[in-house]
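Okay, so here's the structure we're looking at.
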Amino acid sequence: MTENARNMDDFEKELRAGFLDEAAGLLADAEQCFLNLETAKEDPQILEKIFRLAHNLKGSARAVGFNQMAEFTHELESLILKIKKREMEITDAAINLLLRCNDHLGATIQALKKDMDAQVDSSSLLSDIAHILSPSALPQQQPTATSTLTEQPTTAPALAEQPTTASTLAEQPTTAPTLAEQPTAAVSTLPQQPTVAAPAQPQPSPGPTPVDLDRPKSASTAPTPQKAANQEPESIRISTDRIEEIVNKVGELVLLVGALRQQKDSIGDVNVHKTVDQLVQVTKGVQDLSLGLRMVPLRQTFQKMNRIVRDVSKAVNKDVRLVISGEDTELDKTVVERIADPLVHLVRNAVDHGLESPEERAQAGKPSQGTVQLSAYHRSGYVIIEVAEDGRGMDSQKLIAKAKEKGLLRADQSLSHEDAYQLIFAPGFSTKAEVSNISGRGVGMDVVKHNVAELKGDIEIDTALGKGTCFRIWMPLTLSIIDGMVIRSEAERYVIPMAHVAESLQPKDHDVHFITGLGEVLNLRGEQLPLYRLGPVLGRKNAVRPTSQSLAIVVRTARKPFSVLVDDIVGQQQVVIKRLGREVQNIRGLTGGAVMTDGQVALILDFPELVQKQNPISFWKGING
Amino acid sequence: MDNELKLQTTQRVLCFSLGKLEYAIPLISVREVIAIPVITSVPYTPPHFLGIMNLRGQILSVIDLRMKFSLKSSRTEETAVVICDLQSLCVGFVVDSVNFVLEVQENSTRPNPQLVPPATNDCIVSLINNNDRLIMLLDIAKALNLEDHSALNKASALQRAA
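Heads up: the sequence lines are chains A and B, in that order. Per the working numbering, the first sequence starts with residue -18, numbered consecutively. Per the working numbering, the second sequence starts with residue 4, numbered consecutively.
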């Protein structure tokens, strides 16, 4: 009995832990939606999504017994419902409140993670919510909403009867009648909802309308469960310890297989040789896969920056646009977790220190809206994360003066520009005259540098006075797998990321022209693309090969599309990006190396970088002009 | 006790040939010696940078010291790659042959008399007298000229900034 009770307890704990992990994800999604709401206030889809998220959260929280959280989410849901029904305007104040609620839920989850019985005080936020939901409407609406959304098992008729919900449905005339007529359809949509953490529990609050509203047509027929599967790949949670164990065991396996490979020569049987060779290949695949288990994309970390930029720019009265790219770039989970704080700091700094006030920008002839660009990409087996802004840039003289004032430098010391920029990483150095509460307590950049160094990374600064500053973090890769296209130039094989390849084709001789000042140009269905030959791009003096015997690869990821002529395309395969030695890792255009199936190394090339290097002047002209 | 004392005054070195000249490096910096592998060349590198190779899944750079020292390079059955571990760096370099491991007494070495060819001059720590044959003890980090590489890095960093 006791055993059984304990098991129940463990089971419940596991459920709860699962819920908390899942909830954190939901909150991140919700935050994104709140921020989107700011720019697209009229978009009903965003509101639907938020409503759905809050709803899921409430249901799941209740299912695993986090009643406090469920109650709070319920209030939040009422608020969202009100906005959804357009009874309330989406003001900045409302969005602020929503974001605060989101933060509060985040804090609650953190607290619950530490202690499953933690009590969190939500009273002040609750009263704010009550305040914003007009006090008179609140008492009547709330109970009805609760009963509809949580208890009623026969949802569809109930929905139709409820005046509050019906008004929502009325906006979508095609769906409402269907729902009322076909209660079964509404029920069968349940599996479509991203059920979380509590698979044993029936979703306590169907509220299926959001799903159907997105796809009114599918509601009239029986909804296909595969759709949910298509939306998000199924996943299970595995503890990092177990992954570690797998990686270690696979490491041992690789060694044993290596030994077997050596020993196979003592056996004459051809079949044994064949089998061993296959085993070697498969083992290698397993090793790569197992190492890849720890990799997670930077997406969530990057998306959090939207919020940071929003809050900081509001606080300092700046108009700032955040541009994110490369959020699918993957890094080891621990690295992603530990890089988050330094990134937050850099992004804050970029908005607070880096960008000028709108007036200053206007004076300098810049658009009043500043841009912060957050990007990630691979180079030489490193992942590079950049935080760049088009602000005032760093003034080395000012930095030096400041350092002298602070006693970090002797009065007679002089520094190169590069060394002066490094001053900002010195402990106790803050570049802004007055200390703000956003950033600039002088305890930031040295910590950033330290954290990055701890992860065996490096940080560098590119800055131009009046043009902006870019902080570039180099993180070593533990492992990364890309889909690659294997190409050939003379005897050498190279790999390029499939992501760079828009298309490949066999050009005819008359498709290629030489234009003075531009070089060779490929005529692709009327479009004139600059054409580069791979040999010369790599600085090699290859014999000129007739165009018609080559293949052209069209690249559109750069701001200006171009094409590259290669001798042949050998095939496609997944490759593991391996870091190059320190002595060559900085060569531009080399993403890293890949060990091919025959054991030889092929370089992974970054065409946009290589081409830019090839012809920097016209390339930049192309971008700016 | 005896052993400890010995370690202080003797050093094991790996002796190898580059062209007709004999060199040595401390054995402690040598990871392994392998037959010359398939080497993939890397664009935008100096000629003595032969390229990169696969050593059990790790990608290493291979450097031809003979070319660096302006010595005649050839390839025979003896030609090998010495993989050495230098602090954070792991690099292979090509030698004409690996000869033997020698135990050197501190007092049997002589300071570099500055007689060796100028290209290699900086890299010679001392001379070892082995049965009346002189072996040059190399500072391998200097010989592979890591400063050169960081200069290369700097150049490309600047290029990136531009």
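C-beta atoms are modelled at their ideal positions from N, C-alpha and C, and glycine is treated no differently.
Taking S32(B) as the query, report the chain A residues whose CB atoms sit under 7 Å from its CB, ordered along the chain. Locating residue 32(B) in the second sequence gives position 29, where the first residue counts as 1. Chain A residues near S32(B): none, gap ~16 Å exceeds 7 Å.
For V328(A), count the other beta carbons within 10 Å of its own beta carbon; 16 or more makes it buried, fewer makes it exposed. Which is it? The residue labelled residue 328(A) in the question sits at position 347 within the first sequence. Under this definition V328(A) is a buried residue.
Under 9 Å between C-beta atoms of V482(A) and V493(A): Counted from its first residue, the first sequence places residue 482(A) at position 501. Counted from its first residue, the first sequence places residue 493(A) at position 512. Not in contact: V482(A) and V493(A) (Cβ atoms no closer than 9 Å).
Under 9 Å between the Cβ atoms of V353(A) and V332(A)? Position 372 of the first sequence, counted from the start, is the residue given in the question as residue 353(A). Position 351 of the first sequence, counted from the start, is the residue given in the question as residue 332(A). V353(A) is a Cβ neighbour of V332(A), given a cutoff of 9 Å.
Span of the beta strand (DSSP E) around R302(A): Numbered from 1 along the first sequence, position 321 holds the residue referred to as residue 302(A). R302(A) -> beta strand (DSSP E) spans 301 to 306.
Proximity test, Cβ basis, 9 Å: R133(B) and chain A: Residue numbering aside, residue 133(B) sits at position 130 when the second sequence is read from its first letter. First, the amino acid is wrong: residue 133(B) is Asn here, not Arg. No, its Cβ sits nowhere closer than 9 Å to a Cβ of chain A.
Is E318(A) close to chain B, meaning its C-beta is less than 9 Å from at least one C-beta of that chain? Working through the first sequence from its first residue, we reach residue 318(A) at position 337. By the rule that beta-carbons nearer than 9 Å mark a contact, E318(A) does not touch chain B.
I'd like the span of the alpha helix (DSSP H) that includes F283(A), first residue to last. Sequence index remark: in the first sequence, residue 283(A) carries index 302 (1-based). Per DSSP, F283(A) belongs to the alpha helix (DSSP H) from 280 to 296.
As assigned by DSSP and simplified to three states, the class of S356(A): Residue numbering aside, residue 356(A) sits at position 375 when the first sequence is read from its first letter. DSSP places S356(A) in strand when its eight states are reduced to three.
Beta strand (DSSP E) runs contained entirely in the region 37 to 97 of chain B, provided each spans 3 or more residues: Listed in chain order, they are 52 to 58, 61 to 67, 83 to 89.
Hey, could you find the ends of the beta strand (DSSP E) H494(A) is sitting in? In the first sequence, counting from the first residue as 1, residue 494(A) sits at position 513. Unbroken beta strand (DSSP E) run through H494(A): 493 to 496.
Below 8 Å, can you find three or more Cβ-Cβ pairs linking the region 357 to 372 of chain A to the region 446 to 459 of chain A? Contact between the region 357 to 372 of chain A and the region 446 to 459 of chain A is present: three or more C-beta pairs spanning the two stretches fall below 8 Å.
Please determine if the region 33 to 43 of chain B and the region 52 to 72 of chain B are in contact, where contact requires at least 3 C-beta pairs separated by less than 8 Å. Yes: at least three Cβ pairs fall under 8 Å.
Members of the region 23 to 51 of chain B near chain A, C-beta cut-off 9 Å: Cβ contacts with chain A: P40, V41, I42, T43, S44, V45, P46, Y47, T48.
Leaving out five residues on either side along the sequence, give the residues of the same chain with a beta carbon under 6 Å from the beta carbon of S103(A). Your numbering for residue 103(A) matches position 122 in the first sequence. The residues are F53.
Quick check on DSSP: helix, strand or coil for V101(A)? As a first step, residue 101(A) must be located in the first sequence, where it is residue number 120. It is coil, neither helix nor strand.
Taking only runs that begin and end inside the region 317 to 404 of chain A, name each unbroken alpha helix (DSSP H) of 4 or more residues, in chain order. 339 to 344, 377 to 386, 398 to 403
Between the alpha carbons of D376(A) and R69(B), how many angstroms are there, rounded? Position 395 of the first sequence, counted from the first residue, corresponds to residue 376(A). Position 66 of the second sequence, counted from the first residue, corresponds to residue 69(B). Counting only the Cα atoms, R69(B) lies some 46 Å from D376(A).
Within this structure, are the beta carbons of I405(A) and L436(A) separated by less than 9 Å? By 1-based counting over the first sequence, the position of residue 405(A) is 424. By 1-based counting over the first sequence, the position of residue 436(A) is 455. No, these two residues do not count as a Cβ contact at 9 Å.
For chain A, check one thing: does any of its Cβ atoms lie closer than 9 Å to the Cβ of S76(B)? Indexing the second sequence from 1 puts residue 76(B) at position 73. The beta carbon of S76(B) sits no closer than 9 Å to any beta carbon of chain A.
Are there three or more Cβ pairs, one per stretch, closer than 8 Å when the region 3 to 16 of chain A is compared with the region 279 to 294 of chain A? yes
Can you tell me whether G372(A) sits near the ligand GTP, meaning its C-beta is under 8 Å from at least one heavy atom of the ligand? Questions concerning the ligand GTP fall outside what the structure shown contains, since it holds no ligand whatsoever.
Residue closest to L274(A), alpha-carbon to alpha-carbon, out of L7(A), W455(A), S216(A): Locating residue 274(A) in the first sequence gives position 293, counting from the first residue. Residue S216(A) is the option with its Cα nearest to L274(A).
At a CB distance below 8 Å, what residues from the region 81 to 96 of chain B approach chain A? Give them in sequence order. S91, L92, C93, V94
Assess, as a yes-or-no matter, whether the region 23 to 37 of chain B is touched by the region 78 to 91 of chain B under the definition of 3 or more beta carbon pairs within less than 8 Å. Verdict: yes, contact present.
Residues within the region 50 to 72 of chain B neighbouring chain A, beta-carbon criterion of under 7 Å: Correct list: I55, M56, N57, G60, I62, L63, S64.
Do the region 11 to 28 of chain B and the region 70 to 77 of chain B meet, that is, are 3 or more Cβ pairs less than 8 Å apart? yes
Please report the straight-line C-alpha distance between F32(A) and S41(A), rounded to a whole angstrom. Within the first sequence, numbered from 1, the residue matching residue 32(A) stands at position 51. Within the first sequence, numbered from 1, the residue matching residue 41(A) stands at position 60. If I take the Cα positions, the gap works out to 14 Å.
Secondary structure at A524(A), three-state DSSP: helix, strand or coil? Counting from 1 along the first sequence, the entry for residue 524(A) is found at position 543. Note: A524(A) maps to coil in three-state DSSP.
Is G335(A) buried or exposed, if buried means 16 or more other CB atoms sit within 10 Å of its CB? Start at 1 with the first residue of the first sequence, and residue 335(A) comes out as number 354. Buried, because 16 or more other Cβ atoms sit within 10 Å of the Cβ of G335(A).
For E564(A), the three-state DSSP class (helix, strand or coil): Numbered from its first residue, the first sequence carries residue 564(A) at position 583. It is coil, neither helix nor strand.
Hey, how far is the Cα of V261(A) from the Cα of V267(A)? The sequence position of residue 261(A) within the first sequence is 280, counting from 1. The sequence position of residue 267(A) within the first sequence is 286, counting from 1. Roughly 10 Å separates the two Cα atoms.
Look at the alpha carbon of L147(B) and the alpha carbon of D125(B), and state the distance between them as a whole number of angstroms. For the purposes of this step, residue 147(B) is taken as the residue at position 144 of the second sequence. For the purposes of this step, residue 125(B) is taken as the residue at position 122 of the second sequence. Their Cα atoms are separated by approximately 11 Å.
If you follow the alpha helix (DSSP H) that L512(A) is part of, which residue opens it and which one closes it? Counted from its first residue, the first sequence places residue 512(A) at position 531. First-last for L512(A): 508 to 514, but that is the beta strand (DSSP E), not the alpha helix (DSSP H).
Quick check: what's the CA-CA separation for V251(A) versus L130(B)? Position 270 of the first sequence holds residue 251(A). Position 127 of the second sequence holds residue 130(B). Our two residues, V251(A) and L130(B), have alpha carbons roughly 53 Å apart in a direct line.
To the nearest whole angstrom, what separates the beta carbons of V84(B) and I37(B), a pair I think is in contact under 8 Å? Taking the first residue of the second sequence as position 1, residue 84(B) is located at position 81. Taking the first residue of the second sequence as position 1, residue 37(B) is located at position 34. About 5 Å separates the two Cβ atoms, so the contact holds.
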